[in-house]
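Here the structure is laid out as C-alpha cells; the discussion comes afterwards.
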Ligand code: ATP
C-alpha cells in the first residue's frame, strides 16, 4: 500500500470539568467528548525520500514542523526508524473543513488520522490502544480523536472510557471567522481565577471523577435522553472565555432558541453549539441565528453526532 485516505472528525465537549492541577503542569479534567460529522480529509502518500511533508491549502494551517499532523508522522518515524528507513517518507495532504483554533480539536484529529494511516501504510499492526498510548505524548485530545464516538476523558484528557454511542442528535455550530481562542490562554486564565476551587486530595479527586462516571450526563447518554443531555451541558471554561469575549456570549444567547435541547461553548471555544432533535430544527436554528446576528463574520454549520473516530475512506 502506497497511499491511504482517512476521515478525521471534529469533537464537541458535552461536559468539561476542571478538577485541579497536576504535577506535569496540565490540568486534571473530567470530560464527556462527542465526535461530530464535520470532518477533515487526510491523504497520505509514501514518497521515496526520507522526509515528511505537509500540504494544506488553508492559509491559517502551518505546513511546517508545528503542524500536529507533521508531529504525528515524526513520532512514528522516531518510534519505528527501521520501517521509516525502508519504506521512505510520507506526504500528508490535509483538506481542512474543521474551523481552526475553535475548540473542536481539528489539529488533534489530523494527528490522530496520521497515526492511524501510518499504522496501515507501514503495516505496523499496532492496536487502537497502543496508538492511543503513543499519541498522548503529542496531544491530550489525540487519544479520543483516534477512537471517537462518545467517551469519557479523564487525566489530562488522554484516558478514554468509551460510552454508549449517541448518534441521532443534531448540532448547529457557530464561530466568528476572525476570532480564535488559545487553549493555553483559557486554562491559564482559569487557573488565575479559580485555583482556590481546585481539589488537591487524591481521594476527593477520584470521587469527582466517579461523580462524572456515574453521574447524570453519562446516565442521560446511556438512556439516549437528548432532552436531559441538553439540560446538563457543562463547561468550566465558559467562566473565563465568555466574559473576555462578549461576542461569544452573545452568540451563545442567540443559539439558545426555543425548541433546542441546549447550547454551550465547545472546549476552550470560541465555537458555540446548540443541540437539536431533528435536522429540520437544526436548519431552523441556523437560519434564525444567522438572521438575528446579521454578522458577515459569523460562520454556521449543521452537523450530526458521529459514532466513530478516525476511519479510512473506502475504495482508496
Ligand atoms: P483543541 O480543541 O484541541 O484545543 P482547537 O480546535 O482549539 O483544538 P486547532 O484547530 O487544533 O485548535 O488549532 C490550534 C492551533 O494549532 C492553530 O492555531 C494552528 O496554527 C495549529 N495547528 C497545527 N496543526 C494544525 C492542523 N493540522 N490543523 C489545524 N491547526 C493546526
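Residue numbers (the numbering used here): 903 to 1218.
Where is the CB? At the ideal position from N, CA and C, for every residue including glycine.
From residue i to residue j, what does the alpha carbon distance come to, in whole angstroms?
i, j, result
"residue 1166", "residue 1104", "30 Å"
"residue 1197", "residue 1203", "15 Å"
"residue 1201", "residue 1140", "20 Å"
"residue 1128", "residue 1086", "31 Å"
"residue 1173", "residue 1080", "12 Å"
"residue 1040", "residue 916", "23 Å"
"residue 1187", "residue 1068", "21 Å"
"residue 969", "residue 1028", "23 Å"
"residue 1073", "residue 1154", "13 Å"
"residue 1094", "residue 931", "17 Å"
"residue 1218", "residue 906", "The pLDDT assigned to residue 1218 is 47, lower than 50, so where the model puts this residue is not dependable; a value taken from the coordinates is nonetheless given after this. Roughly 7 Å separates the two Cα atoms."
"residue 956", "residue 1130", "42 Å"
Whose CA, out of the options, lies closest to the CA of residue i?
i, options, result
"residue 1098", "921, 1135, 912, 911", "921"
"residue 1183", "1078, 1133, 1205", "1205"
"residue 1134", "1156, 950, 1020, 1162", "1162"
"residue 1156", "1132, 1169, 1141, 1189", "1189"
"residue 918", "1049, 1054, 1003, 1021", "1054"
"residue 1123", "1070, 1084, 1100, 1147", "1070"
"residue 993", "927, 962, 953", "953"
"residue 1115", "998, 956, 1057", "1057"
"residue 1011", "1046, 1096, 1076", "1046"
"residue 1077", "956, 1169, 959", "1169"
"residue 942", "987, 983, 1149, 1013", "1013"
"residue 911", "996, 981, 973, 977", "996"
"residue 1150", "1024, 1195, 1002", "1195"
I'd like to know whether the C-beta of residue i is nearer than 7 Å to at least one C-beta of chain B.
i, result
"residue 1057", "The chain labelled as chain B is not found in the depicted structure, where only one protein chain is given."
Starting from residue i, trace the alpha helix (DSSP H) in both directions and tell me its first and last residue.
i, result
"residue 1046", "1044–1049"
"residue 1052", "Per DSSP, residue 1052 belongs to no alpha helix (DSSP H); it is in the beta strand (DSSP E), 1052–1057."
"residue 1108", "1104–1115"
"residue 1076", "Taken as a continuous stretch (DSSP letters only), residue 1076 belongs to no alpha helix (DSSP H), being part of the beta strand (DSSP E) at 1072–1078."
Would you kindly check if the distance between the Cβ of residue j and the Cβ of residue i is under 7 Å?
i, j, result
"residue 1009", "residue 946", "no"
"residue 1175", "residue 939", "no"
"residue 949", "residue 1005", "no"
"residue 1007", "residue 962", "no"
"residue 1015", "residue 908", "yes"
"residue 923", "residue 1100", "yes"
The beta strand (DSSP E) spanning residue i covers which residue range?
i, result
"residue 1001", "Premise fails: residue 1001 is in no beta strand (DSSP E) and is neither H nor E."
"residue 911", "905–923"
"residue 1064", "1061–1064"
For this session: Go through the segment 1145–1217 residue by residue and report every complete run of the alpha helix (DSSP H) that reaches 4 residues or more, in order.
Result: 1148–1157, 1181–1195
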